[in-house]
Amino acid sequence: MGGSKSLFFGAEFRRFSLDRYKPGKFEDFYKLILHIHHIANLEVMIGYADVHGDLLPINNDDNFFKAVSSAHPLLRVFIQRQDEVDYSNFGTNTLSRKKKALVTLRNDNLRRRPHINISMPHDFRPVSSIIDVDILPETHRRVRLYRHGCEKPLGFYIRDGTSVRVTPHGLEKVPGIFISRMVPGGLAESTGLLAVNDEVLEVNGIEVAGKTLDQVTDMMIANSHNLIITVKPANQRNNIIRSSRMSGSSGQSTDSTASHHSLPTSHVLQNFHPDEMESDEEADIVIEGGLEPQHIPKLHSITSSSLSRINGSSLSHRLQRDLVLNNNSGRESNGNIHKLLSSLKTDPRHSLVIPRGGIEEDGTVITL
Amino acid sequence: MRRFLRPGHDPVRERLKRDLFQFNKTVEHGFPHQPSALGYSPFLRLMAIGTRSGAIKLYGAPGVEFMGLHEENNTVMQIHFIPDQCQLVTLLDDNSLHLWSLKQHGGASELREEHRFTLKGPPGSPPSATQVTAVLPHSSREVLYLGTESGSIFVLELPSFRVLEDRTISPEAVLQRISEDNCNRRSCELVEALREHPKNPDQILIGYSRGLIVLWDLQNNKSFVWLSFQQLENLYWQRDGSKFISCHYDGSYTQWPVSSDNRQPEPLENTVPYGPFPCKAISKIYWQTTKNGLPYIIFQGGMPRASYGDRHSISVIHGSQQTAFDFTSRVIDFFIIFSSDPAAEFDDPSALVVLAEEELVVIDLKSAGWPAVHPPYLASLHCSAITCSHHVSNIPLKLWERIISAGSKQNIHYSSMPWPIDGGTNIAPDPPQRDLLLTGHEDGTVRFWDASGVCLHLLYKLSTVRVFLTDADPNDNMNTLGEDEWPPLRKVGTFDPYSDDPRLGIQKIYLCKYSGYLAVAGTAGQVLVMELNDEDAEHVVDHAEADLLQDQEGYRWKGHEKLKTRDGPVRFEAGFQPFVLVQCQPPAVVTSLALHSEWKLVAFGTSHGFGLFDHQQKRLVFVKCTLHPSDQLALEGPLSRVKSLKKSLRQSFRRIRRSRVSSRKRRGPAGAVQEANAKFDQDALQEMELAPVQRKIEARSAEDSFTGFVRTLYFADTFLRDSSRHCPSLWAGTNGGTVYAFCLRVPPAERRMDEPVRAEQAKEIQLMHRAPVVGILVLDGRSTPLPEPLEVAHDLSKSPDMQGSHQLLVVSEEQFKVFTLPKVSSKLKLKLTALEGCRVRKVTVANFGSCKTDDYSENDLAVLTNLGDIQIISLPFLKLQIRYPCIRKEDVSGIASCVFTKYGQGFYLISPSEFERFSLSTKWLVEPRCIVEMPEVTSNNHVHNKSGTENAARKSSFFSSSLLERKSGRLMEHALLNDESE
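Residue numbers (full-length UniProt numbering), protein chains in the order written: chain A, 1 to 368; chain B, 1 to 982.
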């Protein structure tokens with residue numbers, strides 16, 4: 001049993017109930033919504049407010065199930081006309097008060113950008129993933145960062161350090177490479193899979209032991225379009241626990257406030273097509289003929305927005321709109337927003353572990 | 001993770017690899033860095049040089065050289081050959097003595113360390129008691145006399161290095177035998193000099209620092225005493241033992257008679273040669289007798305303190321002739337080559353050999369005017385700092401002879417004396433081919449070295465300065481000193497590290513060995529095309545400007561100005577004479593250069609773009625700007641941020657070096673200070689370690705700096721547009737991972753002057769990983785690299801296969817990648833950086849022949865990485881064959897200086913003045929192989945020395961007749977070369 005409330009066009013409210021444990025399929029839910037609101041001929045976007053007050057979309061079975069299960073007991077569902085959807089409203093912080101500052105700073109042409117249908121899985125592009133969980137020790141994590149087509153900088157620094165290893169002769173201090181800094185707003189930070197003081201063990205399958213900082217730097221940069229880093233996280237409390245692998249999305253975690261790595265691998269890799277990745281890697285650009293050389297065309301124009309996906313706590317897909325446009329002014333403002341974001345954060349290191357904002361209402365959304 | 005698996009080993013290939021590849025560091029060319037000691041054996045006619053890093057190098061006849069390294073890496077202070085032996089003793093600055101000997105092994109001589117020994121005093125005695133200051137190997141070959149700081153003279157048995165304590169000459173023993181009022185204990189402190197009597201081996205002359213000179217008879221401990229009131233520096237016997245000469249701290253020298261009856265002799269003559277004003281010390285002196293009665297007095301130092309105290313001089317006085325040779329750097333030591341035959345009545349000195357800090361100078365004392373002798377080895381590579389190098393293998397004889405003849409015209413002021421240090425015999429096989437190493441220098445010169453064999457020998461020196469107007473006045477002659485100038489200084493040596501104008505520096509060299517065309521490019525965007533002319537000539541150099549920024553506007557170059565050119569005809573000496581000058585605008589340093597002598601085209605690139613110049617029609621064909629609009633750094637020029645980066649780099653190197661030097665323990669009064677410094681440095685280092693170094697991980701972007709920097713240019717006749725027609729093409733690779741290909745239309749030879757050369761951009765390849773492109777190569781239908789221009793025309797190469805499809809190899813700092821042509825699509829690749837974390841610094845195609853069979857050879861890539869490793873990578877499949885560690889990865893300048901040859905050899909700088917030569921090939925190996933035989937020793941333990949040629953002939957008789965034949969053939973050839981070059 002669970003209650004749902006819908007915020008409707010021009011602020012029309014409906015209240016209805018769903019079976020919390022058998023909510024059914026998204027398709028049915030969608031039809032139900034359209035029926036309740038008598039808008040059968042409209043394309044709408046359905047969203048909900050999660051426990052942290054973030055506005056998240058409902059567009060498939062997974063997130064529908066997640067949304068219903070997170071209702072306590074009420075689930076606030078937001079419905080918007082498909083062509084009016086402002087995607088930047090989704091994601092972390094979207095319902096928090098800080099949103100206001102963001103919105104007012106954003107200029108108008110940024111708000112009016114082509115609409116993307118994000119309802120189907122093929123519109124998602126992986127930005128990062130945890131891979132090879134089944135073959136790695138539980139204390140290690142292999143993270144894949146997909147930078148292609150993404151304008152975000154990789155955004156991290158590495159340093160020399162010492163690590164303690166268990167050897168047959170007892171504990172031994174050995175030199176190691178560690179992540180020393182995360183660039184706020186960078187890809188590495190936004191994934192939440194890497195953190196400062198994580199020890200780097202491998203780069204794209206090559207062990208870094210015995211290699212110098214400069215060598216490891218060169219290896220990472222050489223692999224920057226498809227970087228796979230195996231780390232030993234400094235915070236070992238979020239490790240994947242193997243036995244829970246089969247228990248679905250409600251995977252166990254040792255820390256309820258920051259249990260963001262508890263998803264099974266199958267989920268993580270669901271949108272990942274390895275062959276696609278390999279071919280992308282080789283995409284040198286060849287311009288034939290005597291054209292006056294222009295600026296290098298963008299590689300990936302499929303999606304003008306880039307989405308980062310996080311296996312977050314109690315949610316299957318958290319979408320974060322990366323405010324990236326392909327024109328130059330867009331890139332500049334993108335930078336500004338990153339700066340802004342970083343200045344807003346009190347502690348960027350923990351920003352992805354502990355959800356920001358809490359359950360604060362966002363004025364803009366309420367007045368709708 | 002399948003792609004990380006290694007392919008299985010193919011045993012056949014593995015065996016073949018062993019026949020093809022082998023890594024050896026073979027010989028060090030050039031002048032030893034930081035020499036610290038010199039020794040000479042008149043018996044072996046070998047010279048030894050010790051360095052501050054503990055190396056010891058022996059040199060004899062050209063090709064005869066040995067090298068040894070003291071384990072301690074301490075400074076070599078003194079070197080003494082044991083008379084009439086193939087042995088020598090070195091004294092290091094840690095007061096240890098080392099005995100080295102030349103032993104024959106496997107048909108060749110080797111230098112080996114036999115013993116080491118440190119003199120120990122009685123317990124509790126100060127270290128100065130045993131601090132060795134003077135070493136005298138006795139002619140009996142049985143003992144070594146060691147003078148010490150305390151004044152004691154210890155006797156050491158050879159070769160066991162056992163102290164013969166009962167024979168120690170203590171200061172007390174000496175004082176007992178002299179009863180002078182003004183002699184006290186302190187008079188016998190610090191032994192400055194020990195000299196054996198030339199006729200009576202039982203007497204040795206002892207010189208103490210405070211001026212006391214004692215002739216000590218070893219048999220009956222008798223002594224004769226002389227007393228000088230000046231602090232003593234050194235002593236030298238006259239040949240007959242009737243007189244000796246002493247030199248002093250105040251710049252004077254004194255002759256003393258030796259007679260048994262006179263107990264307190266007066267000096268015969270006491271002179272201050274450069275008085276009357278205070279002079280610097282004379283630290284070493286020779287007194288050489290001649291047939292005509294006028295002795296040679298040769299001494300180091302003694303210059304007037306106030307006016308010439310900074311000069312590094314050695315003076316030669318012979319009758320009324322007096323010359324003070326003025327050296328370009330500090331004099332380490334010197335010796336005189338004279339008749340060592342004890343039966344000869346006179347010394348008859350023939351040559352003065354001076355080891356200065358930066359070069360070796362030999363003066364011919366027999367010829368009028370005392371000219372310098374051109375050394376066949378120990379060339380000062382760094383007489384002006386080396387800025388680039390270029391190696392050309394297998395030079396056609398004709399070009400070789402023409403270069404030698406041009407060089408011989410430059411060497412007219414050298415003496416024609418044969419090289420006087422001619423000990424040992426070179427038994428190495430003849431060099432397989434004639435190789436040239438060209439070095440570009442900071443002062444705008446290019447030096448042509450004979451790099452065929454063990455001796456790197458200067459053939460010809462080319463200066464580009466004449467083309468330009470520089471601040472330095474060409475009439476500003478160094479030898480403006482008039483006849484009546486005093487002191488009679490004469491500059492000798494070639495070391496001149498000061499560049500008049502840094503813009504003149506040479507950055508890129510390309511020599512076409514078939515046509516004799518040479519292209520040289522420099523720091524201020526200048527590109528010169530030259531032609532070899534056997535006569536000197538006066539002509540106008542055609543001048544063109546290439547504006548590489550063309551359509552880009554609003555940029556301001558803040559770097560140096562372009563060089564001003566000389567108007568009107570310029571006189572050029574015989575040799576390479578420039579006929580075309582292209583100046584890039586902005587005048588940034590030329591970063592890449594290619595010359596096609598068949599098409600008569602020269603291509604050049606800077607950080608702004610590249611251009612193509614037709615040097616036949618003297619017309620600029622096109623320019624292409626590669627600059628990214630946001631790249632401010634490249635636009636502002638080298639004087640802004642780059643310079644400060646350079647400065648900080650230099651400072652950090654200095655810091656490293658300082659800490660390295662100070663961590664080395666030193667004795668003496670300066671020791672405490674040094675230790676304190678070392679401690680300070682270490683503290684500073686620890687402090688530095690507190691702030692961890694971090695590296696940013698970021699993908700390269702088009703907006704990075706210097707992406708437009710043109711790294712490589714390449715001409716190829718290949719299929720660029722379609723697979724049916726091939727055409728000339730120009731390829732350029734940038735720092736930002738872009739490759740541009742231009743299709744060229746070169747008119748046929750008969751209309752070459754009538755129709756213009758046309759170029760059209762055909763392709764642009766942007767490598768996804770954006771790493772700097774360091775090499776471009778086209779492989780023909782047989783996967784063989786395209787031949788060099790004119791190579792086929794000269795029947796030296798098979799014509800390229802134009803039937804099969806061509807392939808393009810692009811080498812970036814991170815990857816090797818093969819593409820198909822004409823449609824560029826990726827075929828295979830080797831991701832070096834992703835796999836190993838190293839980056840390509842240098843890459844060349846090299847031909848490797850099998851040591852087992854003559855009919856097998858293959859082309860591979862020789863690669864030097866930023867870690868100093870050398871890798872051989874197969875063509876066309878890009879498989880790593882073998883890897884050798886070669887250069888320390890911290891040695892950035894060594895890695896930057898590396899140059900590969902076309903036959904799997906290479907050179908890199910191990911110091912500013914030395915090239916290390918290495919070989920990757922089993923077949924081509926140039927390394928010293930020589931033999932030093934004990935010359936015949938007569939009953940009186942001395943050699944009957946003969947003239948140089950007789951000596952050589954006699955030595956040859958040791959070898960089999962076939963060897964002799966070959967040897968004489970070599971000698972003939974060498975003599976021929978010498979005739980031409982001297």
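All C-beta atoms, glycine included, are put in the ideal place defined by N, C-alpha and C.
A/P153: contacting residues in chain B (beta-carbon distance under 8 Å): Reading the first sequence from its first residue, position 153 is the one you call residue 153 of chain A. Those are E698 and A699, listed as they occur along chain B.
Minimum Cβ-Cβ distance from A/R159 to chain B less than 8 Å: Indexing the first sequence from 1 puts residue 159 of chain A at position 159. Cβ-Cβ to chain B under 8 Å: yes for A/R159.
7 Å Cβ shell around B/L925 - same chain, five flanking residues per side excluded: For the purposes of this step, residue 925 of chain B is identified with residue 925 of the second sequence, where counting begins at 1. Sequence-distant partners of B/L925 (beyond 5 residues in either direction) whose C-beta falls short of 7 Å from its own C-beta, in its chain, are N24, T26 and S919.
Contacting positions in the segment 750 to 770 of chain B - beta carbon closer than 8 Å to chain A: E760, Q761, A762, K763, E764, I765, Q766, L767, M768 and H769
Rounded C-alpha distance that separates B/V191 from B/V135: Counted from its first residue, the second sequence places residue 191 of chain B at position 191. Counted from its first residue, the second sequence places residue 135 of chain B at position 135. Whole-angstrom Cα-Cα distance: 10 Å.
C-beta atoms of B/S252 and B/N270 nearer than 8 Å: For this step, residue 252 of chain B is matched to residue 252 along the second sequence. For this step, residue 270 of chain B is matched to residue 270 along the second sequence. Against a cut-off of 8 Å, the Cβ pair of B/N270 and B/S252 comes out as a contact.
Nearest-angstrom Cβ-Cβ length linking B/G522 and B/L504, presumed shorter than 8 Å: One-based indexing of the second sequence puts residue 522 of chain B at position 522. One-based indexing of the second sequence puts residue 504 of chain B at position 504. Yes, B/G522 and B/L504 are in contact; Cβ-Cβ is about 6 Å, under 8 Å.
Closer than 9 Å at the beta carbon, the chain A residues around B/A716: Here residue 716 of chain B corresponds to residue number 716 of the second sequence, with the count starting at 1. In chain order: nothing, as chain A lies at least about 17 Å away.
Chain-ordered chain B contacts of A/L213 [CB-CB under 9 Å]: Position 213 of the first sequence, counting from 1, holds the residue named residue 213 of chain A. Per Cβ cutoff of 9 Å: V693, Q694 and R695.
Pairwise C-alpha distance: B/Q807 and B/I873: Along the second sequence, read from residue 1 onward, the residue named residue 873 of chain B stands at position 873. Along the second sequence, read from residue 1 onward, the residue named residue 807 of chain B stands at position 807. Spanning the two alpha carbons is a distance of roughly 16 Å.
Closer than 7 Å at the beta carbon, the chain A residues around B/T833: The residue labelled residue 833 of chain B in the question sits at position 833 within the second sequence. Ordered by position in chain A, the residues that pass the 7 Å Cβ test against B/T833 are D218, M219 and A222.
Secondary structure of B/G440, DSSP reduced to three states: Stepping through the second sequence from its first residue, residue 440 of chain B is reached at position 440. Strand at B/G440.
Per DSSP, the bridge partner or partners of A/N226: As a first step, residue 226 of chain A must be located in the first sequence, where it is residue number 226. According to DSSP, which records beta bridges pairwise, A/N226 is partnered with A/Y146.
Residues from the segment 132 to 146 of chain A in contact with chain E, defined by Cβ distance under 8 Å: This model lacks chain E altogether, as its protein chains are A and B.
Delimiting residues of the beta strand (DSSP E) encompassing B/H539: Translated into positions along the second sequence, residue 539 of chain B becomes position 539. Looking at the DSSP string, the run of the beta strand (DSSP E) that includes B/H539 is A537 to H539.
Rounded distance between the beta-carbons of B/L744 and B/S729, thought under 8 Å: Translated into positions along the second sequence, residue 729 of chain B becomes position 729. Translated into positions along the second sequence, residue 744 of chain B becomes position 744. About 6 Å; that satisfies the 8 Å criterion.
Assigned secondary structure, B/S597 (DSSP; H/G/I helix, E/B strand, else coil): As a working mapping, residue 597 of chain B is identified with position 597 in the second sequence. Looking at B/S597 - three-state DSSP - the assignment turns out to be coil, as it is neither helix nor strand.
Beta-carbon spacing of B/Y517, B/V529 below 8 Å: Numbered from 1 along the second sequence, position 517 holds the residue referred to as residue 517 of chain B. Numbered from 1 along the second sequence, position 529 holds the residue referred to as residue 529 of chain B. Their beta carbons are under 8 Å apart, which means B/Y517 touches B/V529 by this criterion.
Start and end residues, alpha helix (DSSP H) containing A/H35: The sequence position of residue 35 of chain A within the first sequence is 35, counting from 1. It spans F26 to H37 - the alpha helix (DSSP H) in which A/H35 sits, taken as one unbroken run.
Span separating the alpha-carbon of A/S314 from that of A/V166: What you label residue 314 of chain A is simply residue 314 of the first sequence in a count that begins at 1. What you label residue 166 of chain A is simply residue 166 of the first sequence in a count that begins at 1. Confidence is the limiting factor: at A/S314 the pLDDT is only 29, short of 50, which leaves the residue's position unreliable, though a coordinate-based value still follows. When rounded, the distance between both Cα atoms is 35 Å.
CB contact flag (B/L352, B/I336, <8 Å): As a working note, residue 352 of chain B is residue 352 in the second sequence. As a working note, residue 336 of chain B is residue 336 in the second sequence. Against a cut-off of 8 Å, the Cβ pair of B/I336 and B/L352 comes out as a contact.
Straight-line gap, A/E151 to B/L767 (C-alpha atoms, nearest Å): By 1-based counting over the first sequence, the position of residue 151 of chain A is 151. By 1-based counting over the second sequence, the position of residue 767 of chain B is 767. Rounded to whole angstroms, A/E151 to B/L767 spans 18 Å at the Cα level.
For A/N238, three-class secondary structure by DSSP: On the first sequence, residue 238 of chain A is found 238 positions in, with the first residue counted as 1. Note: A/N238 maps to helix in three-state DSSP.
Below-8 Å beta-carbon distance, B/S826 vs any chain A residue: By one-based count along the second sequence, residue 826 of chain B stands at place 826. For B/S826, the answer is yes, since a Cβ of chain A falls inside 8 Å of its Cβ.
B/Y510 classed as buried or exposed, judged by whether at least 16 other C-beta atoms fall within 10 angstroms: Along the second sequence, read from residue 1 onward, the residue named residue 510 of chain B stands at position 510. Label assigned to B/Y510: buried.
Chain B contact for A/R14 (CB, 8 Å cutoff): Within the first sequence, residue 14 of chain A is the residue found at index 14, counting from 1. Cβ-Cβ to chain B under 8 Å: no for A/R14.
Identified DSSP bridge partners for B/N270: As a first step, residue 270 of chain B is located in the second sequence; it is residue number 270 there, counting from the start. Paired residue(s): B/T254.
Beta strand (DSSP E) segment containing residue 988 of chain B, residue limits: Given that chain B is displayed from residue 1 to residue 982, the structure contains no residue 988 of chain B and the question cannot be resolved.
Euclidean distance between Cα positions of B/G493 and B/V155: By 1-based counting over the second sequence, the position of residue 493 of chain B is 493. By 1-based counting over the second sequence, the position of residue 155 of chain B is 155. If I take the Cα positions, the gap works out to 40 Å.
Per DSSP, cross-strand counterpart(s) of A/D198: Indexing the first sequence from 1 puts residue 198 of chain A at position 198. DSSP, once it has assigned bridges, lists no residue as partnering A/D198.
Whether residue 992 of chain B touches B/G609 by CB criterion (8 Å): With chain B represented from 1 up to 982, any question about residue 992 of chain B goes unanswered, as that position is not in the structure.
Partner residues on chain B for A/A209, Cβ-Cβ distance less than 7 Å: Your numbering for residue 209 of chain A matches position 209 in the first sequence. Simply none; closest approach about 12 Å.
For B/E788, the nearest candidate out of B/H628, B/E598, B/V746 and B/P304 (CA to CA): Counting from one through the second sequence, the residue named residue 788 of chain B turns up at place 788. Nearest option by C-alpha distance: B/E598.
Spatial distance of B/A537 from B/Q577 (CA atoms): Within the second sequence, residue 537 of chain B is the residue found at index 537, counting from 1. Within the second sequence, residue 577 of chain B is the residue found at index 577, counting from 1. Taking the straight line joining both Cα atoms gives about 8 Å.
Residue from B/D84, B/S160 and B/S150 whose Cα sits closest to the Cα of B/A129: As a first step, residue 129 of chain B must be located in the second sequence, where it is residue number 129. Nearest option by C-alpha distance: B/S150.
Neighbour flag for B/G837 against chain A, beta carbons, 8 Å: Along the second sequence, one-based indexing puts residue 837 of chain B at 837. It does; some Cβ of chain A falls within 8 Å.
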